[in-house]
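So the sequence lines, in the order shown, correspond to chains A and B.
Under the UniProt record's numbering, the first sequence has 30 at position 30, and the numbering climbs by one with no breaks.
Under the UniProt record's numbering, the second sequence has 190 at position 190, and the numbering climbs by one with no breaks.
Here's the structure we're looking at; comments come further down.
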Amino acid sequence: MKFKSYLFTVPSLLLSLAGYSGAVFSAQKLTFSQDILPIFEAKCLKCHSDEKQKGELRLDTKEWILKGGESGDVLIPFKPEYSDVYVLAALPDYDPDYMPSKGKGLTPAELETLRSWIQQGAQFEVESAETAAEASMDMTIQQAHPTQTEVKSQVKIKQVSYQLKPNEKAAIEQLKQLGVKVDHVHYDQSKYELILSYAKLNDDNFPQQSLIKLADRLTKIDFARLPIGDASLASLTKLSKLSYLDLRQTKITDKGLAHLNDLPQLEYLNLYGTSISDHGLAKLNNLTQLKSIYLTNTRVTQQGIKKLVQRYPNLKVSYIAS
Amino acid sequence: MKNLLKQASELDRRQFILNTAKSLLGVSCASSLLAKPSFAQSTSSIYSGPQAKNVIYLYMSGGMSHLDTFDLKQGRPEQGPVKGIKTNVVGTRLSENLPQLAKHMNKMAVINSMFSNQGAHEEGRYFMHSSYTKRGTIQHPGLGSWLMKYDGNHNPNLPGVVHIGSVNPGSTQGFLEQKYAPLLIGDPEAGLQHSKIHKLFTEKEFANTQSLRQKLDQAFSAKYQQRKVSSYSEAYDDALRLMKSDDLDAFKVESEAQSTRDAYGKNSFGQGCLLARRLIERDVRFVEVTLGGWDTHTNNFERVAENSRILDQAMAALLGDLEQRGMLEETLVVLTTEFGRTPKINQNEGRDHNPTAFSSVLVGGGIQGGRFYGKSDEIGKSVADKRVTVPDFNATIAYALGLPIYDTIYSPTGRPFHIADKGQPILELFS
């Protein structure tokens, strides 16, 4: 007990320190004063308390610990793997960031105690009348250091998982062999998207069968800059779930556009830099979901767009007359 | 270009009226009754939720003054001489320094509640790029390298991460493998250097030297089968693939029409943004373009106006171009900086460092534009509402890209890290 000047004012706390036995099991509810402070006293406080504050960090009271050090929070309740106070002590002792930097490190048992305490929510005190006074002190510190004490709860990210059927797996393998980038849509494993631009493809080696096997899952396809034409468009008609189709700078023509009417879910249609004209646009008449269409650098005119918008009043048309 | 802008603003006005009607008149239930049943399940639409594949990251080096660009404090003495102008979203104002970007406000989510705890340039840049504070013992990876680590190349011929102008602190591959390192293009107009076979070499001679190199390396790489050794020869393979690829054209901004080049601005940031568009068009994953000169301790108002002209022209041209090509759905455009500038105007007509409140912008990749998120206080000194920390900002970018922000990755020394440290994404921006 080298350090005498603690900020603690609660007498029961010091008593409980004296009664500390050392043996701790992760199942029991751990508290700071009984279980953690003795470890900190032995291993940490020489450099992180009232005498020295290396890294601008003190570990001797709740307030200082929650305030953090020069590189931010050191303790995130329920998350030992995010809490530097645990992470640095759990490093291999040859790591340059290992703590303590001088003297003996935490024993495996002590590390486990620390980890469990954080995992359980980093309880500081059993709630009592005396600690109510401390709670009001927390408020002032929180206001003075808003960054340090606020612990944000983890934002829930919606994820959809899905198991592929064997024939779907096979189709994906075949596509990958061809150099197609196969990926599922962000956070939704039941939907797939493909980039075909870097697979050396044309109308003759178009992987129609593989695409059809994946039809239930395919929502986005990117053909940008591939030398494919109308024949390939004809083989897309069975992809009933397709909502995003990028045909930028491909060799498709007006003739082929009629095939797209068979894509009931199509929302996004990119025809930038193709030879499409008003005649082709006139063939688009069954795309009930269509939301945007890209027509710059084509042969389309304002007239053709006017007629298209009459059929699709809510369509967003991107077009600059050249 | 004029034509486009007119058309865009017309559509947006319609959208705006619709939105106003929804919120003021309560007609939204009526419209959902009218809509076809499948429309009602808008969650499955590709127009909501995170969609980004690639990122164009515009970095304002030196600390961009939020007060003179995106976070106006009109009527306060702290504002100085800068006035607000209307944007294409009714009721919103941007600084008169950004007249072109004001026409793209409907695409932009402007965050005015950015917060950093790093007040020095080097440390601030490091923090902004890596989500971790700088320390002597480890190099943290930047977002581009994280993206490559988790999701890989889409175009097998081009490098995945390209930095134009400079590689900023905290934006390297850090402790990740060498193959995720950014490629630096110093001068966008010079393009990629040393990518052609030297004129004194024939194809055959070049092939001979390559096979000789492989022979010489053979024994060594058989003896030392280590990640570092193999990544070294992978670098050769990547370089050779690139040299032979048609995609090398992507680096040639000179092949663009003169009118396009002029639209982006005749300066290296403008041409850098044009190069970024060309690279993203060919599925490079992450392109960062840096514009320096924002450290306006003296003569703030003239210098910010000057720098803003460059930014305004280039970014507006970029957003217009991406929109025309249908690339804004899957390209996230980020505008950010290490910190803002103080509301207090110093004796040199300058503003000093202000990390406790500043502005950043997100566009595309599923971000719903036309809005401001969060607020600074009445003078722009501190955050007043919805604070977005630097890790939160990076977590939002990572979320847009579909990256697993809660995954723990261990550095070679066994330390646990996360893509955006403890940052939490702002899901609200995607709906």
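We put the beta carbon where it would ideally sit given N, CA and C, even for glycine.
All of these numbers come straight from a predicted model, not from anything done at the bench.
Proximal residues to residue i (C-beta, below 6 Å), its chain only, five neighbours per side dropped
i                      : result
Thr133 of chain B      : Phe127
Asp138 of chain A      : Because the pLDDT at Asp138 of chain A is just 46, under 50, the model does not fix this residue reliably, and the value given afterwards should be weighed accordingly. Closer than 6 Å at Cβ, skipping near neighbours: no residue.
Phe358 of chain B      : His66, Met114, Phe339 and Gly340
Ile405 of chain B      : Ala395, Ala398, Ile419 and Ala420
Thr131 of chain A      : The predicted model places Thr131 of chain A with a pLDDT of 46, which falls under 50 and marks its position as unreliable; any figure quoted below should be read in that light. So the list reads Glu125, once near-sequence residues are dropped.
Lys4 of chain A        : Reliability fails at Lys4 of chain A, whose pLDDT of 42 lies under 50, so the model's placement of it is uncertain and the value that follows must be treated cautiously. For Lys4 of chain A, where only same-chain residues beyond five positions count, there are no Cβ hits under 6 Å.
Asp283 of chain B      : His154 and Asn155
Leu14 of chain A       : Low per-residue confidence applies at Leu14 of chain A: pLDDT is 39, beneath 50, and the placement is therefore not dependable, though the value from the model is reported in the following sentence. So no residue of the chain qualifies.
Asp377 of chain B      : Ala384
Gly160 of chain B      : Met148, Asn153 and Arg285
residue 486 of chain B : Residue 486 of chain B lies beyond the stretch modelled for chain B, which goes from 1 to 431, so this question has no answer here.
Own chain partners of residue i with C-beta closer than 8 Å, once the 5 adjacent residues on each side are dropped
i                 : result
Pro99 of chain B  : Ile85 and Asp312
Asp385 of chain B : Ser113, Gly374 and Lys375
Gln303 of chain A : Asp278
Ser411 of chain B : Ile138, Phe175 and Phe417
Ser292 of chain A : Glu267, Tyr268, Leu269, Leu315, Lys316, Val317 and Ser318
Gly380 of chain B : His66, Leu67, Asp71, Lys73, Glu78, Gly340, Pro343, Asn354 and Ala357
Local conformation of residue i per DSSP, three classes
i                 : result
Thr219 of chain A : strand
Ser259 of chain B : helix
Ala384 of chain B : strand
Phe340 of chain B : The residue you asked about is not Phe; residue 340 of chain B is Gly in the sequence shown. In the structure shown, Gly340 of chain B sits in a strand (DSSP, three-state: E or B).
Pro416 of chain B : strand
Lys429 of chain B : According to the sequence displayed, residue 429 of chain B carries Leu and not Lys. In this structure, Leu429 of chain B counts as helix in the three-state DSSP scheme.
Leu58 of chain B  : strand
Phe127 of chain B : helix
Ala102 of chain B : helix
His163 of chain B : strand
Leu274 of chain B : helix
Leu164 of chain A : coil
Arg135 of chain B : strand
Ala109 of chain B : strand
Tyr47 of chain B  : coil
Val334 of chain B : strand
Lys86 of chain B  : strand
Arg299 of chain A : coil
Met114 of chain B : strand
Arg76 of chain B  : coil
Leu260 of chain A : helix
Ser153 of chain A : coil
Leu192 of chain B : coil
Ser275 of chain A : coil
Ile280 of chain B : helix
Run of the alpha helix (DSSP H) containing residue i, from where it starts to where it stops
i                 : result
His279 of chain A : Asp278 to Ala282
Arg311 of chain A : Gln302 to Arg311
Glu323 of chain B : Asn300 to Gln324
Lys149 of chain B : Leu143 to Asp151
Ser221 of chain B : Glu203 to Lys223
Gly256 of chain A : Asp254 to Leu257
Range covered by the beta strand (DSSP E) that runs through residue i
i                 : result
Phe286 of chain B : Phe286 to Leu291
Val317 of chain A : Lys316 to Ser318
Asn270 of chain A : Tyr268 to Asn270
Arg93 of chain B  : Arg93 to Ser95
Ile185 of chain B : Leu183 to Ile185
Ser292 of chain A : Ser292 to Tyr294
7 Å CB neighbourhood of residue i in its chain, flanking five on each side removed
i                 : result
Asn202 of chain A : Pro227 and Ile228
Ser26 of chain A  : Bear in mind that a pLDDT of 43 at Ser26 of chain A, under 50, signals an unreliable position, so the number given afterwards is only what the model happens to contain. Glu112 and Ser116, listed in sequence order.
Lys422 of chain B : Pro391
Ala133 of chain A : Legend: pLDDT at Ala133 of chain A = 47, less than 50; position of this residue unreliable, value from coordinates given subsequently. Here the set comprises nothing.
Gln143 of chain A : Confidence at Gln143 of chain A is low in this model, with a pLDDT of 44, below 50, so its placement is unreliable and no value can be given for it.
Gly265 of chain B : Ile310, Gln313 and Ala314
>> Output needed in chain order: residues of the region 283–309 of chain B with a Cβ under 9 Å from some Cβ in chain A.
In response: Taking 9 Å as the Cβ-Cβ cut-off, the region 283–309 of chain B approaches chain A at Asp283, given in chain order.
>> Which residues of the region 156–181 of chain B have a Cβ closer than 7 Å to any Cβ of chain A? Give them in chain order.
In response: Taking 7 Å as the upper bound on Cβ-Cβ separation, chain A lies near residues Pro156 of the region 156–181 of chain B.
>> So if I threshold CB-CB distances at 8 Å, which residues from the region 368–386 of chain B count as touching chain A?
In response: Along the region 368–386 of chain B, none of the residues has a CB nearer than 8 Å to a CB of chain A.
>> Going residue by residue through the UniProt domain "Cytochrome c" (31–122) of chain A, where are the continuous alpha helix (DSSP H) segments of at least 4 residues, counting only ones entirely within it?
In response: Every alpha helix (DSSP H) of 4 residues or more that sits fully in the UniProt domain "Cytochrome c" (31–122) of chain A is shown, in chain order, as 37–43, 62–67, 84–87 and 108–119.
> Name the residues in the region 90–106 of chain A whose C-beta lies less than 7 Å from a C-beta of chain B; which are they?
Replying inline: Here the close residues are Leu91, Pro92, Asp95, Pro96 and Asp97.
>> Which complete beta strand (DSSP E) runs does the region 171–248 of chain A hold, if anything under 3 residues is left out?
In response: Listed in chain order, they are 181–185, 188–195, 218–222 and 244–246.
> Residue ranges of each alpha helix (DSSP H) run of no fewer than 4 residues wholly in the region 344–405 of chain B, ordered along the chain?
Replying inline: Assignment of alpha helix (DSSP H) within the region 344–405 of chain B, counting only whole runs of 4 or more residues, yields 390–400 in chain order.
> Which of the residues in the region 238–260 of chain A, read from start to end, lie with their CB under 8 Å from any CB of chain B?
Replying inline: Correct list: Ser243, Tyr244, Asp246 and Arg248.
> Going along the region 406–428 of chain B in order, which residues come within less than 9 Å of chain A, judged by CB to CB distance?
Replying inline: Of all residues in the region 406–428 of chain B, only Tyr406, Thr408, Thr413, Gly414, Arg415, Pro416, His418, Asp421, Lys422, Gly423, Gln424, Pro425, Ile426 and Leu427 come within less than 9 Å of chain A when Cβ atoms are compared, listed by chain position.
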